[in-house]
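Engineer: The sequence shown maps to residues 0 to 494 in the working numbering. Just so you know, even glycine gets a beta-carbon here, dropped at the ideal spot from N, CA and C. Since this is a predicted model, take the numbers as computed values, not measurements.
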Amino acid sequence: MEIQIVSDTLPSVQADWLLVPVPAEGEWSGRLQELDRALGGSLTRLKEAKDLKGKVGELLTLPDTQAIAARKVLLYGVGDPGKATVATIERSLMTAVRAASTKADQTVALDVEAIEFANVAKTDVARLAAMSLIVGPQGQDLYKAEKDRHPLKSAAIAMAQLASKDVQQAVSEGTILGNAINLTRELVNQHPGELFPESFAERAQAEAKSAGLACTVLDQAAIKQEKMGSLLGVAQGSVQPPRVVVLRHQGGAKDAPWLGLCGKGVTFDSGGLSLKPSDSMKTMKGDMAGAATVLGAMTAIARLGVKANVIGVLGLVENMPSGTSYKLGDVLTARNGVTIEIHNTDAEGRLVLADVLSYTVDQGAVKLIDLATLTGSCVVALGTDIAGAFSNDQPWCDAVLSSAKSTGEEVWQMPMCDSFDEQLKSDVADIKNVGTRWGGAITAAKFLQRFVSDKPWVHLDIAGPAFAESTKPHREGGGTGVFVRTLVETARKWG
Ligand code: BES
Ligand code: MN
Ligand code: ZN
0 MEIQIVSDTL PSVQADWLLV PVPAEGEWSG RLQELDRALG GSLTRLKEAK
50 DLKGKVGELL TLPDTQAIAA RKVLLYGVGD PGKATVATIE RSLMTAVRAA
100 STKADQTVAL DVEAIEFANV AKTDVARLAA MSLIVGPQGQ DLYKAEKDRH
150 PLKSAAIAMA QLASKDVQQA VSEGTILGNA INLTRELVNQ HPGELFPESF
200 AERAQAEAKS AGLACTVLDQ AAIKQEKMGS LLGVAQGSVQ PPRVVVLRHQ
250 GGAKDAPWLG LCGKGVTFDS GGLSLKPSDS MKTMKGDMAG AATVLGAMTA
300 IARLGVKANV IGVLGLVENM PSGTSYKLGD VLTARNGVTI EIHNTDAEGR
350 LVLADVLSYT VDQGAVKLID LATLTGSCVV ALGTDIAGAF SNDQPWCDAV
400 LSSAKSTGEE VWQMPMCDSF DEQLKSDVAD IKNVGTRWGG AITAAKFLQR
450 FVSDKPWVHL DIAGPAFAES TKPHREGGGT GVFVRTLVET ARKWG
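(1) For Arg184 versus Leu217, is the C-beta distance shorter than 9 Å?
(2) If the criterion is Cβ atoms closer than 9 Å, does the pair Lys281 and Thr266 meet it?
(3) Tell me the DSSP secondary structure of Gly228 in three-state form.
(4) Relative to the ligand NAP, is the shortest distance from any of its heavy atoms to the C-beta of Glu347 smaller than 8 Å?
(5) Taking the alpha-carbon of Ala205 as reference, which of Thr298, Val187 and Met130 has the nearest alpha-carbon?
(6) Alpha carbon to alpha carbon, what distance is there between Ala155 and Arg36?
(7) Cβ of Asp278 versus every heavy atom of the ligand BES: is any distance shorter than 8 Å?
(8) Straight-line CA distance for Leu352 to Ile133?
(9) Would you decide whether His473 is buried or exposed? Buried here means 16 or more other CB atoms lie within 10 Å of its CB.
(10) Examine the ligand BES and report whether any of its heavy atoms sits within less than 8 Å of the Cβ of Asn343.
(11) State the start and end residues of the unbroken beta strand (DSSP E) segment that holds Tyr142.
(12) Given the structure, does Gly270 come close to the ligand MN, in the sense that its CB is under 8 Å from one of the ligand's heavy atoms?
(13) By Cβ distance, which residues of its chain are closer than 6 Å to Val427, with the 5 residues on each side in sequence left out?
(14) Taking 8 Å as the cut-off, is the CB of Val337 close to at least one heavy atom of the ligand BES?
(15) Does the Cβ-Cβ distance between Pro10 and Ala68 come in under 9 Å?
(16) Quick one: is Ser452 buried, meaning 16 or more other Cβ sit within 10 Å of its Cβ, or exposed?
(17) Determine the direct distance from the alpha carbon of Asp460 to that of Val96, and round the result to whole angstroms.
(18) Please tell me whether Asp104 and Lys71 are closer than 9 Å, where the distance is taken between their beta carbons.
(19) Rounded to whole angstroms, what is the Cα-Cα separation between Lys121 and Asn391?
(20) If the criterion is Cβ atoms closer than 9 Å, does the pair Ile310 and Trp395 meet it?
(21) Is any heavy atom in the ligand BES found nearer than 8 Å to the beta carbon of Phe419?
(22) Please go through the same chain and pick out, in chain order, the residues whose beta-carbon is closer than 7 Å to the beta-carbon of Ala179, but skip the five residues on each side of it.
(23) Identify which residue in Gly477, Lys146, Glu201 and Glu112 has its Cα closest to the Cα of Gly505.
(24) Leaving out five residues before and five after Ser100 in sequence, what residues of the same chain have Cβ atoms less than 8 Å from its Cβ?
(25) Cβ-heavy atom distance between Asp286 and the ligand ZN below 8 Å?
(26) Sort Glu197, Arg334, Leu186 and Thr94 by Cα distance to Met287 and report the nearest one.
(27) Helix, strand or coil: how does DSSP classify Lys431 here?
(28) Rounded to a whole number of angstroms, what is the C-alpha to C-alpha distance between Ala255 and Thr470?
(29) Going by C-alpha to C-alpha distance, which of Pro320, Arg247, Trp411 and Lys146 sits closest to Asp384?
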């Protein structure tokens, strides 16, 4: 969907829904006062009666507004404009757009100019607005006859004056980012009977083609040729053969350095022979979120024409129990020669990423980021909204954290103390695939570190934020598409 930009006063904007921001503090802008006058002072009366406070996430509908061009007004609170951040503004916008998309065939005009924010630029607000208009109406109800969310018939951003080049640019960026986030979300939301390594790889190929990315898919034979014994060990219990997808965007000079993005793509994690309890298995269709995030980000990086060289590698497998499953006590040989004793087949993500990381280094990546729904332990540590960051290189970690900060995506750095290496010692092989119960997210990161050849690397454990168990007014349940933006922002800075 293309997002229009219309320049008009609020009373004359035509739409089924006119979405108007209302502040919790400070004077109303002339633009808002103009709307208030056109509505016969009804906004002032609502404010005075404390029916309209302007808090973040607050909504107030004015149905059947005959005095103005729009049929309905949705007032959305944005909090104190002096304190607003990218995250609070996104929350307000998403709440408003999601509320306007509960009915089919709506035309929506979203105003972003009735308020000026002290710490967030107008272009950033316009980018977020465009993104919200794309992301908000897409639900997780892929298989429902009667949808809870509906695509908009048309979407516009309402401005006072003709939009500047910068604002137009921001709207087109927001559209690209929104579509990338929706791609990631859709893949996470697809059921595992539909999305398995082969079908994921096919979809990746199609998306790469339309975005203008180079794409190679390694099938089982090619993966064997690459000696990815660790990834293959996980895959061997499933009737679904594995795939490794390699995406390349060469936006920089031929000899410019490559940034490597790696994603865990376990299309279903049953735990294997170390079978998960039923309750923990319910959301394991989403265990490919890391790979979906890398794919989403790569499509955006290509469409934005980011001037950097970026390679994305997705490790796609299904982890199943069967007569051919890998077993506890098995020793797998990873592609870099490291031997791994298996003590738990449910610690499969690290085995997949081990080969993907070393492959990405050998393909020429000089710095790496991997994304994975890797450990329940990380969710215990940081909760469901915050990702864990683990790194072997503080400056590189700081760069990734600062990208995350600018996009409002929440991440917290975790320690990488040497003592955790002890836990990975095996009596029969170079390492084993699990440590003790405690600090499991750190042992997992320590395991991955063995496969990055000392290249600066950041591991993002997104087990918490990648998949939302419940729907909230500002966010649909299911796949969230979180960290697509952080990756894109990091790639931009790379260029
Ligand atoms: N995919 C899971 C991690 C996970 C848990 C993701 C909850 C999202 C929500 C991963 O493969 C796993 O099973 N990890 C184990 C590791 C353990 C066996 C060392 C875990 O965290 O329990
Ligand atoms: Mn697992
Ligand atoms: Zn897993």
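Structural biologist: Looking at the coordinates:
(1) Start at 1 with the first residue of the sequence shown, and residue 184 comes out as number 185. Start at 1 with the first residue of the sequence shown, and residue 217 comes out as number 218. Between Arg184 and Leu217, the CB-CB gap reaches or exceeds 9 Å.
(2) Here residue 281 corresponds to residue number 282 of the sequence shown, with the count starting at 1. Here residue 266 corresponds to residue number 267 of the sequence shown, with the count starting at 1. At least 9 Å separates the beta-carbon of Lys281 from that of Thr266.
(3) Within the sequence shown, numbered from 1, the residue matching residue 228 stands at position 229. Three-state result, Gly228: helix.
(4) Among the ligands in the structure shown, the ligand NAP does not appear; only the ligand BES, the ligand MN and the ligand ZN can be found there.
(5) Numbered from its first residue, the sequence shown carries residue 205 at position 206. With respect to the C-alpha of Ala205, the residue from Thr298, Val187 and Met130 having the closest C-alpha is Thr298.
(6) The count along the sequence shown starts at 1 and reaches residue 36 at position 37. The count along the sequence shown starts at 1 and reaches residue 155 at position 156. Here the alpha carbons of Ala155 and Arg36 stand approximately 23 Å from one another.
(7) One-based indexing of the sequence shown puts residue 278 at position 279. Incorrect: Asp278 has no Cβ contact closer than 8 Å to the ligand BES.
(8) Taking the sequence shown and counting its residues from 1, the one referred to as residue 352 is at position 353. Taking the sequence shown and counting its residues from 1, the one referred to as residue 133 is at position 134. Straight across, the Cα-Cα distance linking Leu352 with Ile133 is about 31 Å.
(9) Translated into the one-based positions of the sequence shown, residue 473 becomes position 474. Buried, because 16 or more other Cβ atoms sit within 10 Å of the Cβ of His473.
(10) Here residue 343 refers to the residue found at position 344 when the sequence shown is read from its first residue. Yes.
(11) Residue mapping note: residue 142 aligns to position 143 of the sequence shown, counting from 1. Annotation: Tyr142 is outside any beta strand (DSSP E) and is labelled neither H nor E by DSSP.
(12) Taking the sequence shown and counting its residues from 1, one reaches residue 270 at position 271. Yes, since a heavy atom of the ligand MN falls inside the 8 Å radius drawn around the Cβ of Gly270.
(13) In the sequence shown, counting from the first residue as 1, residue 427 sits at position 428. Excluding sequence neighbours, Val427 sits near Glu340.
(14) Here the question's residue 337 lines up with position 338 in the sequence shown. It does not: the Cβ of Val337 is nowhere closer than 8 Å to a heavy atom of the ligand BES.
(15) Translated into positions along the sequence shown, residue 10 becomes position 11. Translated into positions along the sequence shown, residue 68 becomes position 69. A contact, by the Cβ cut-off of 9 Å.
(16) Mapped onto the sequence shown, residue 452 falls at position 453. Exposed: under 16 other Cβ atoms inside 10 Å.
(17) Translated into positions along the sequence shown, residue 96 becomes position 97. Translated into positions along the sequence shown, residue 460 becomes position 461. Using only the alpha carbons, I get a separation of about 29 Å.
(18) The residue given as residue 104 occupies position 105 in the sequence shown. The residue given as residue 71 occupies position 72 in the sequence shown. No; because the gap between Cβ atoms is not below 9 Å, this pair is not in contact.
(19) As a working mapping, residue 121 is identified with position 122 in the sequence shown. As a working mapping, residue 391 is identified with position 392 in the sequence shown. Going by C-alpha positions, Lys121 is about 37 Å away from Asn391.
(20) Within the sequence shown, the letter at position 311 stands for residue 310. Within the sequence shown, the letter at position 396 stands for residue 395. No Cβ-Cβ contact shorter than 9 Å links Ile310 with Trp395.
(21) Counting from 1 along the sequence shown, the entry for residue 419 is found at position 420. Incorrect: Phe419 has no Cβ contact closer than 8 Å to the ligand BES.
(22) Position 180 of the sequence shown holds residue 179. The residues are Gly295, Ala296, Thr298, Ala299 and Val483.
(23) Absent from the structure is residue 505, since the part of the chain shown begins at 0 and ends at 494.
(24) Stepping through the sequence shown from its first residue, residue 100 is reached at position 101. Cβ within range, chain order: Val107, Gly135, Pro136, Arg148, His149, Pro150 and Leu151.
(25) The count along the sequence shown starts at 1 and reaches residue 286 at position 287. Because some heavy atom of the ligand ZN lies under 8 Å away, the Cβ of Asp286 counts as near it: yes.
(26) Reading the sequence shown from its first residue, position 288 is the one you call residue 287. Nearest C-alpha to Met287: Leu186.
(27) The residue you call residue 431 lines up with position 432 of the sequence shown. In the structure shown, Lys431 falls within a strand segment according to DSSP collapsed to helix, strand and coil.
(28) Within the sequence shown, the letter at position 256 stands for residue 255. Within the sequence shown, the letter at position 471 stands for residue 470. A straight line joining the alpha-carbon of Ala255 with that of Thr470 spans about 43 Å.
(29) Position 385 of the sequence shown holds residue 384. Minimum Cα distance to Asp384 is reached at Trp411.
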